[in-house]
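Note sheet for the following structure.
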Amino acid sequence: MTLIPQRRKAMAELCYNTMNWSPYLVAEGAPSLPAQITAASAAGFRWFGADEGSIGRYCDLGGSVEELAALILAANMRTYELPTLMLGAQREQNRASTERLAALADQLQPEFVQLNMDSLVDTSVIEDLQYAGEVFGKLGVRLAIEYLPWLPEVRNINATRDVLKRAGVAGAGVLVDCWHFTHSDDTCADLEALPLDEVAYVQFNDHPALIGDDLLMETITRRAMPGAGEFELDRFASIFRKKGYGGVVSCEVISLEAQTMDVDSYARAVYQSSKTYWPD
357 MTLIPQRRKA MAELCYNTMN WSPYLVAEGA PSLPAQITAA SAAGFRWFGA DEGSIGRYCD
417 LGGSVEELAA LILAANMRTY ELPTLMLGAQ REQNRASTER LAALADQLQP EFVQLNMDSL
477 VDTSVIEDLQ YAGEVFGKLG VRLAIEYLPW LPEVRNINAT RDVLKRAGVA GAGVLVDCWH
537 FTHSDDTCAD LEALPLDEVA YVQFNDHPAL IGDDLLMETI TRRAMPGAGE FELDRFASIF
597 RKKGYGGVVS CEVISLEAQT MDVDSYARAV YQSSKTYWPD
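Okay, so the sequence shown: first residue is 357 according to our numbering, each after it adds one.
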């Protein structure tokens, strides 16, 4: 495995994540990407992560990826993450998705493309992961595998590390979302044992007590601002600080309640609540 060179800073910086209003979740009434860019910059974010669905909606309404990249730079931000590449059993779909996101990455120049793996990881899936690594590697973009606790294989830290070891993709690493960490079978010992050089980056949020066993529905409708739920966020952030983590923290707060907020209030609330755990 090729390890990830970590950017060394006094403290992690925050990234605004657009998934709360992605067309995957919100069909109508979402604030535009330009409005979210303006709000995120004003709130204090210096990194931005537009998901593929939101980019597609922006372009369908007459925008272009080139214009989007220029807006982000003009707002004194850079693109950090590009969600989401999905790899699974359908090889033609894997390759088509890789090429589609690569065209976006060529313009936006993210640090990482976020990917999920929704099937068992056989030799063909490993080959498609390696192919994605080659395609994005030529653009100077790395891969971040986000594990999800309901997936058939890539559902915790150690399973993700195993896939990365098998694939040997240069610069690829584990994306640790505190939501999925908390609701997986991971322990703090697993998180402490994750080498810093195998960490891609962190996603951050909170959640109240579960009201059902449908984790997918919970994660896309009931997340909370950091500090407003029951996650052990102090301990989570402390583990990364002790590792010397100097990467970026993507703030991914997704909820039906948050979708009713105006975009400026939402961006300020996400930034201020997250900054409590990742101060300067």
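Glycine included, C-beta positions come from ideal geometry on N, C-alpha and C.
Asked                                                                                                  : Found
Complete beta strand (DSSP E) runs within the stretch 516–585 (minimum length 3 residues, chain order) : 529–533 and 555–560
Reference L381; option with closest CA among E369, G524 and G409                                       : G409
Straight-line gap, Y487 to L464 (C-alpha atoms, nearest Å)                                             : 20 Å
G603 to A431 span [Cα, whole Å]                                                                        : 21 Å
Under 7 Å between C-beta atoms of F560 and V605                                                        : yes
Candidates L443, M442 and S397, of which the one nearest L429 by Cα                                    : S397
Member of I595, L499, A395 and L443 whose CA lies at the smallest distance from the CA of R624         : A395
Residue from Q628, H563, W403 and L520 whose Cα sits closest to the Cα of V481                         : L520
Reference P582; option with closest CA among V558, S378 and Y633                                       : Y633
Neighbourhood of A458 by C-beta, 7 Å cutoff - its chain only, sequence neighbours within 5 removed     : V491, F492 and L495
Whole-Å CB distance - L504 paired with V469, under 8 Å assumed                                         : 16 Å between Cβ atoms; not a contact.
N-terminal and C-terminal residue of the alpha helix (DSSP H) that I595 is part of                     : L589 to K599
Residue interval of the alpha helix (DSSP H) (run including F492)                                      : T479 to G493
Three CB pairs or more closer than 8 Å across the stretch 507–520 and the stretch 571–582              : no
W634 (DSSP reduced to helix, strand or coil)                                                           : coil
For N472, three-class secondary structure by DSSP                                                      : strand
Spatial distance of P379 from Q446 (CA atoms)                                                          : 23 Å
Length of the line joining the Cα atoms of Y637 and L417                                               : Nothing in the structure corresponds to residue 637, since the chain is present only between 357 and 636.
C-alpha distance - D542 paired with E586, whole-angstrom precision                                     : 17 Å
Presumed contact (8 Å Cβ cut-off) between L424 and Y436, rounded CB distance                           : That pair is no contact at about 14 Å.
Per DSSP, cross-strand counterpart(s) of F404                                                          : Y372 and T435
Through-space distance from M473 to V530, alpha-carbon basis                                           : 12 Å
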